[in-house]
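S.K.: Sharing a structure, written as structure tokens. Questions coming.
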Amino acid sequence: MALLISIGHGGWFTEEELAEELRALSPGADIRPASNPGNLDEITMLAVSSLKTDIAAQLPNLQLVQKLGAGVETIVNHPTVAPHVRVARLKPEEPAREIAEYCLAYILREQRNLLHHAAAQARAEWDSVAPKRTHMTTVGVLGLGHIGGLTARLMASLGFQVHGWSRSPKEIEGITCHHGAEALPQMLGQCDYVCAILPSTADTRGLMDAELLAAMKPGAVLINAGRGDLIDEAALIAALDRGTPGHAVLDVLCTEPLPQDDPLWRHPQVTITPHVSGWHLGDALGDVVENLRRLGTGEALLHEVDRARGY
0 MALLISIGHG
10 GWFTEEELAE
20 ELRALSPGAD
30 IRPASNPGNL
40 DEITMLAVSS
50 LKTDIAAQLP
60 NLQLVQKLGA
70 GVETIVNHPT
80 VAPHVRVARL
90 KPEEPAREIA
100 EYCLAYILRE
110 QRNLLHHAAA
120 QARAEWDSVA
130 PKRTHMTTVG
140 VLGLGHIGGL
150 TARLMASLGF
160 QVHGWSRSPK
170 EIEGITCHHG
180 AEALPQMLGQ
190 CDYVCAILPS
200 TADTRGLMDA
210 ELLAAMKPGA
220 VLINAGRGDL
230 IDEAALIAAL
240 DRGTPGHAVL
250 DVLCTEPLPQ
260 DDPLWRHPQV
270 TITPHVSGWH
280 LGDALGDVVE
290 NLRRLGTGEA
300 LLHEVDRARG
310 Y
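Listed below in structure tokens is the structure:
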């Protein structure tokens, strides 16, 4: 049994770096980077960040694809991943905290008028503007799972009024929870900031369409740290031109990297970051080698995904 690491994109850790870290956690385990895969017949587990190639089809004895993160939309329906191949994801604490911090950073940018003050400095103008008051500010969080729940609790702990939305009922202390499609437009209309932290599924792709964008509070800020396909990007540009919402912070996009000629780059009410909100895996790397061990012993896998549901 061997684990093959194929990250699937640049701008992150290298496969060799991850292989070294995993070997340190499980000395003696057969862990290989894609640059030196050896005999492909020996590979039973594939670890990826994004599955965008046909590498799975080259592994005749593949049993498990392990996502090096949370979102599995590039894996569960990939045409080269045979139906019998299982899929697992990670639920690490460190990147969940990082995503919550990312959302908070851009909320505080608006609360404290940081863009205004930077522009005033560039003009050498002493231009005082009152910051917004936390307890009078409403933050909405779309998705109340592992990451969204942590984000909602962080915002509430700082004194924001927090509303959370999920497809099924949830109860989180200190959070006003909503569920179901019917509840979403009304909730959006109450929020000064909306943090989208949803997975990509058949139910969420294109969720933020023209109708729901129009339901947002005028001037509100939409922060997407979930999946790029949650938002209809053409509808978003039109909505921003109307001021509802007033700004969009996009860490994830429908096409990554975003093409240089995409109008989102140059829209004055859009902030783009290159999928960096959750970066480090922390102690979740231990779950990767643990799943390699469990695969060999037949034990239940950690965080196995229901491929039909997509999460």
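Read the sequence shown against numbering that gives the first Met the number 0 and you will find it ends at 310, with the numbers running on by one and no gaps.
Quick reminder that beta carbons are idealized off the backbone N, C-alpha and C, glycines included.
Since the structure is predicted, the reported quantities are computational estimates derived from the model, not experimental observations.
Do you know offhand how far Asn-60's Cα is from Thr-79's?
M.R.: When rounded, the distance between both Cα atoms is 13 Å.
S.K.: Check whether the Cβ atoms of Ala-95 and Ile-30 lie closer than 9 Å to each other.
M.R.: Not closer than 9 Å, so no.
S.K.: Please classify Gly-179 as buried or exposed, where buried requires at least 16 other C-beta atoms within 10 Å of its C-beta.
M.R.: Per the 10 Å Cβ criterion, exposed.
S.K.: Measuring only the C-alpha atoms, how far is Thr-43 from Gly-218?
M.R.: The straight-line gap from Cα to Cα measures roughly 51 Å.
S.K.: Taking C-alpha atoms, which residue in Met-0, Cys-176, Asn-112 lies nearest to Gly-142?
M.R.: When each option's Cα is compared against that of Gly-142, the closest is Cys-176.
S.K.: What is the DSSP secondary structure of Gly-139, counted as helix, strand or coil?
M.R.: In the structure shown, Gly-139 sits in a strand (DSSP, three-state: E or B).
S.K.: Checking 9 Å against the spacing of the C-beta atoms, do Asp-250 and Ala-233 come in under that value?
M.R.: No. Outside cutoff.
S.K.: Can you tell me whether Ser-276 is buried or exposed, with buried defined as 16 or more other CB within 10 angstroms of its CB?
M.R.: Looking at its Cβ environment, which holds 16 or more other Cβ atoms inside 10 Å, Ser-276 is buried.
S.K.: Should Val-304 and Ile-106 be called a contact, given that it needs their Cβ atoms to be closer than 9 Å?
M.R.: The answer is no: Cβ separation not under 9 Å.
S.K.: Excluding the 5 residues flanking Gly-7 on each side, which residues of the same chain have their C-beta closer than 8 Å to its C-beta?
M.R.: Contacts found: Val-47, Ser-48, Ser-49, Leu-50, Lys-51, Thr-52, Thr-73.
S.K.: I believe Leu-153 touches Leu-103 by the beta-carbon criterion, under 8 Å. Please report the beta-carbon distance rounded to the nearest angstrom.
M.R.: With 8 Å as the limit, Leu-153 and Leu-103 qualify as a contact, their Cβ atoms being about 6 Å apart.
S.K.: Would you mind sorting Thr-136 into buried or exposed? The rule is 16 or more other CB atoms within 10 Å of its CB.
M.R.: So Thr-136 counts as buried.
S.K.: So the candidates are Pro-273, Val-64, Arg-88, Arg-108; which of them puts its Cα closest to the Cα of His-77?
M.R.: Measuring from the Cα of His-77, the nearest candidate turns out to be Val-64.
S.K.: Looking at the unbroken alpha helix (DSSP H) that takes in Ala-121, where does it start and where does it end?
M.R.: Residues 113-121.
S.K.: Let's see if you can read the secondary structure: which residues bound the beta strand (DSSP E) around Met-207?
M.R.: Premise fails: Met-207 is in no beta strand (DSSP E) and is neither H nor E.
S.K.: Would you kindly report the start and end of the unbroken alpha helix (DSSP H) that includes Ser-165?
M.R.: Element bounds for Ser-165: not the alpha helix (DSSP H) but the beta strand (DSSP E), 160-165.
S.K.: Is the Cβ-Cβ distance between Leu-284 and Leu-45 less than 9 Å?
M.R.: For Leu-284 and Leu-45, no; Cβs fall outside 9 Å.
S.K.: Could you tell me the alpha carbon to alpha carbon distance between Pro-244 and Leu-229, rounded to whole angstroms?
M.R.: Cα-Cα distance, rounded: 15 Å.
S.K.: How big is the Cα-Cα spacing for Gly-173 and Gln-160?
M.R.: Answer to the nearest angstrom: the Cα atoms are 9 Å apart.
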